[in-house]
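These notes concern the structure reproduced below.
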Amino acid sequence: MRKWLAGSAVASIALLIVSSALLARTAEPQAAASGSGADLTGVWRRSRRPPNDGHRYTYYELAATLTSQVPPMTPWGEAKYKAAKPNIGPRGVPLSQSNDPLTKCFPPGVPRLYLVRVGQPLEIMIVPGRVIMFFEYDHFVRQIFTDGRQHPQDLTPSWMGDSIGRWEGDTLVVDTVGFNDKTWLDGDGHPHSDELHLVERIRRISHDTMTIDFTIEDPKAYTKPWEAHTVFDLEPGWNIGEVVCVDDNANFLETKKKLESPK
Amino acid sequence: MRGLRILPPALAATILLFSSVPVVAHHGAVSYDITKMITFKGTVTRVQWMNPHAEIEMDVNDAAGKTQKYTVESISPLSLTRIGWTQNSLKPGDQISVTGNLSKNGTHIIRLKKIVFPAGNELTIHSGEDYADQ
Chain A
1 MRKWLAGSAV ASIALLIVSS ALLARTAEPQ AAASGSGADL TGVWRRSRRP PNDGHRYTYY
61 ELAATLTSQV PPMTPWGEAK YKAAKPNIGP RGVPLSQSND PLTKCFPPGV PRLYLVRVGQ
121 PLEIMIVPGR VIMFFEYDHF VRQIFTDGRQ HPQDLTPSWM GDSIGRWEGD TLVVDTVGFN
181 DKTWLDGDGH PHSDELHLVE RIRRISHDTM TIDFTIEDPK AYTKPWEAHT VFDLEPGWNI
241 GEVVCVDDNA NFLETKKKLE SPK
Chain B
264 MRGLRILPPA LAATILLFSS VPVVAHHGAV SYDITKMITF KGTVTRVQWM NPHAEIEMDV
324 NDAAGKTQKY TVESISPLSL TRIGWTQNSL KPGDQISVTG NLSKNGTHII RLKKIVFPAG
384 NELTIHSGED YADQ
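Each protein sequence line maps, in turn, to chains A and B. When the letters of the first sequence are read in order and numbered with the numbering used here, they come out as residues 1 to 263. When the letters of the second sequence are read in order and numbered with the numbering used here, they come out as residues 264 to 397.
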């Protein structure tokens with residue numbers, strides 16, 4: 001009798017261990033407290049749901065601007081903003097008249113890469129010492145170095161800047177400097193200078209949702225740092241496809257001419 | 264397999280007007296009249312499965328019974344396949360209904376919002392799909 005009881009006790013404990021292990025595997029992903037970054041892995045697309053701050057954004061505000069509350073620009077910034085002729089939104093002009101660098105297939109830079117072609121995703125991949133962001137739009141790649149390095153001393157200004165990242169609990173904090181001043185911050189033509197210092201706080205808040213909170217600091221263009229918040233949906237089953245801006249422009253030329261011809 | 268069909272002589276364009284609020288909700292659409300939606304029924308004559316916009320050319324009979332040619336601009340093939348529309352979904356001769364914004368300058372180009380396929384199934388392009396000029 002005792003042997004039988006002991007045997008069944010062992011069996012019960014074994015069963016408990018196995019079932020709790022199974023439960024752990026099928027549970028929601030835990031916060032990456034160790035900083036492994038595995039949680040950010042996936043293909044993500046900009047969410048079309050309005051941010052939950054009481055103001056229902058239009059599509060334009062979601063796709064073409066970072067926030068509806070841009071702080072006052074410096075005189076330098078204002079001059080640049082006035083000179084910008086976007087193709088979209090309330091200040092939009094026909095494609096041929098726009099001086100948006102994107103219309104000539106120049107790189108969008110960061111953070112605009114997150115806004116370009118809202119329907120198109122990015123993929124986040126984690127490799128040792130780096131977080132790689134692979135964008136469908138023109139196959140742009142960001143590498144965020146997480147190996148503890150600092151920004152190099154003499155950075156040559158670049159379109160995408162120099163990005164380093166560190167984990168704060170389950171949040172990847174990305175620090176980027178070293179931008180050139182050839183890109184727009186958004187589709188509306190808000191400017192930035194080569195003094196732009198961009199901080200991103202990237203966090204997977206649920207299995208299907210990732211948020212990026214931006215802090216934009218650029219004393220040459222803006223009188224104080226300002227914030228923006230973006231939301232991304234997981235697109236399981238999607239793979240990054242091919243988008244080639246110069247090819248798109250060439251293919252669209254005939255239709256563009258027709259659209260812009262006088263009545 | 265679908266072949267060419269002969270149009271019923273009485274087929275006429277159907278125009279439906281919706282109010283579109285707010286106007287700034289649409290993007291990149293400087294050359295289109297974004298204040299209203301228009302719907303046409305007609306016959307596919309050509310499908311151009313290309314970037315950045317897949318284009319469908321269609322014949323539409325106007326109120327006088329005269330054939331008008333229209334070009335329907337859709338989103339990219341990559342985005343279309345993600346919402347269930349493949350390069351074989353439409354063929355010349357197919358009867359479709361399209362709803363969208365019409366070009367302002369009389370060039371008969373429609374930026375697609377919604378299509379009804381020959382079998383009756385519908386597809387709507389939601390805000391946030393990648394019309395290439397953002």
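Using N, Cα and C, we set each Cβ at its ideal position, and we do this for glycine too.
Rounded Cβ spacing between residue i and residue j (contact assumed at less than 8 angstroms)
| i | j | result |
| --- | --- | --- |
| T362 of chain B | T302 of chain B | 4 angstroms |
| A84 of chain A | W184 of chain A | 6 angstroms |
| I164 of chain A | Q150 of chain A | 7 angstroms |
| V174 of chain A | D162 of chain A | In fact, because the Cβ distance is near 11 angstroms, the residues do not count as touching under 8 angstroms. |
| I359 of chain B | M321 of chain B | 7 angstroms |
| G369 of chain B | K263 of chain A | 6 angstroms |
Beta-carbon spacing of residue i, residue j below 8 angstroms
| i | j | result |
| --- | --- | --- |
| D100 of chain A | V243 of chain A | no |
| I126 of chain A | T211 of chain A | no |
| D213 of chain A | H192 of chain A | no |
| P111 of chain A | L172 of chain A | no |
| L365 of chain B | I373 of chain B | yes |
| V335 of chain B | E318 of chain B | yes |
| G109 of chain A | F179 of chain A | yes |
| P157 of chain A | E136 of chain A | no |
| A228 of chain A | T74 of chain A | no |
| F134 of chain A | E123 of chain A | yes |
| D39 of chain A | R204 of chain A | yes |
| H389 of chain B | R48 of chain A | yes |
Residues bridged to residue i (per DSSP)
| i | result |
| --- | --- |
| Q331 of chain B | B:V323 |
| I205 of chain A | Beta-bridge pairing links I205 of chain A to no other residue. |
| M300 of chain B | None, per the DSSP bridge assignment. |
| M73 of chain A | A:Y222 |
| K258 of chain A | BP columns for K258 of chain A are empty, so no partner. |
| A228 of chain A | A:F214 |
| D175 of chain A | A:I164, A:V199 |
| T387 of chain B | B:K377 |
| T362 of chain B | B:T302, B:K377 |
| F145 of chain A | A:R130, A:I164 |
| I240 of chain A | For I240 of chain A, which the question treats as bridged, DSSP gives no partner whatsoever. |
| W44 of chain A | A:L122, A:L234 |
Option nearest residue i by Cα separation, candidates the options
| i | options | result |
| --- | --- | --- |
| G187 of chain A | A:W76, A:P90, A:S261 | A:P90 |
| G148 of chain A | A:V131, A:R112, A:T103, A:S158 | A:V131 |
| N249 of chain A | A:P157, A:R204, A:C105 | A:C105 |
| D357 of chain B | B:Y295, B:K304, B:K299 | B:K304 |
| A382 of chain B | B:K332, B:S352, B:W312 | B:S352 |
| L196 of chain A | A:W159, A:S68, A:V93 | A:W159 |
| L259 of chain A | A:P94, A:A64, A:C245 | A:P94 |
| V116 of chain A | A:T255, A:C245, A:S261, A:T146 | A:C245 |
| K256 of chain A | A:K224, A:S96, A:D247, A:G129 | A:S96 |
| K299 of chain B | B:T306, B:G347, B:K376, B:V310 | B:K376 |
| L155 of chain A | A:E254, A:I240, A:D194 | A:D194 |
| T349 of chain B | B:H389, B:W312, B:N324 | B:W312 |
| I240 of chain A | B:N384, B:I378, B:P355, B:S342 | B:S342 |
| S337 of chain B | B:V310, B:P355, B:N384 | B:V310 |
| L102 of chain A | A:E254, A:S68, A:A64 | A:A64 |
Own chain partners of residue i with C-beta closer than 6 angstroms, once the 5 adjacent residues on each side are dropped
| i | result |
| --- | --- |
| W226 of chain A | P71, I216 |
| K182 of chain A | none |
| V199 of chain A | D175, T215 |
| E235 of chain A | V43, R45, P121 |
| I144 of chain A | V131, S163, G165, V174 |
| A27 of chain A | For A27 of chain A, the predicted model reports a pLDDT of 36, less than 50, meaning its position is unreliable; a value from the coordinates is still stated below. Excluding positions up to five away in sequence, the list is empty. |
Own chain residues within Cβ distance below 7 angstroms of residue i, not counting five before or after
| i | result |
| --- | --- |
| N314 of chain B | S339, P340 |
| R46 of chain A | Y114, V118, T230, F232 |
| I278 of chain B | Since pLDDT at I278 of chain B reaches only 40, below the 50 mark, its modelled position is unreliable, and no value is offered. |
| K367 of chain B | S294, Y295, D296 |
| K332 of chain B | E320, D322, H371 |
| G92 of chain A | P86 |
| H190 of chain A | V70, Y81, W184 |
| P128 of chain A | none |
| S98 of chain A | K85, P86, N87 |
| L22 of chain A | Any answer about L22 of chain A is weak, because its pLDDT of 49 lies below 50 and its placement is not dependable; what the coordinates show is given next. Hits under 7 angstroms: none found. |
| D208 of chain A | D233, L234 |
Same chain, Cβ closer than 8 angstroms to residue i, neighbours up to 5 away in sequence not counted
| i | result |
| --- | --- |
| V284 of chain B | With a pLDDT of only 34 at V284 of chain B, under 50, the local geometry of the prediction cannot be trusted, and the value read off the model is given with reservation. Closer than 8 angstroms at the Cβ level, and outside the excluded window around V284 of chain B, lies no residue. |
| R345 of chain B | none |
| F380 of chain B | S352, L353, D357, I359, L386 |
| T223 of chain A | P71, P72, M73, T74 |
| T330 of chain B | D322, V323, N324 |
Min CB distance residue i to chain E below 8 angstroms
| i | result |
| --- | --- |
| W184 of chain A | Included in the structure are the protein chains A and B, with no chain E among them. |
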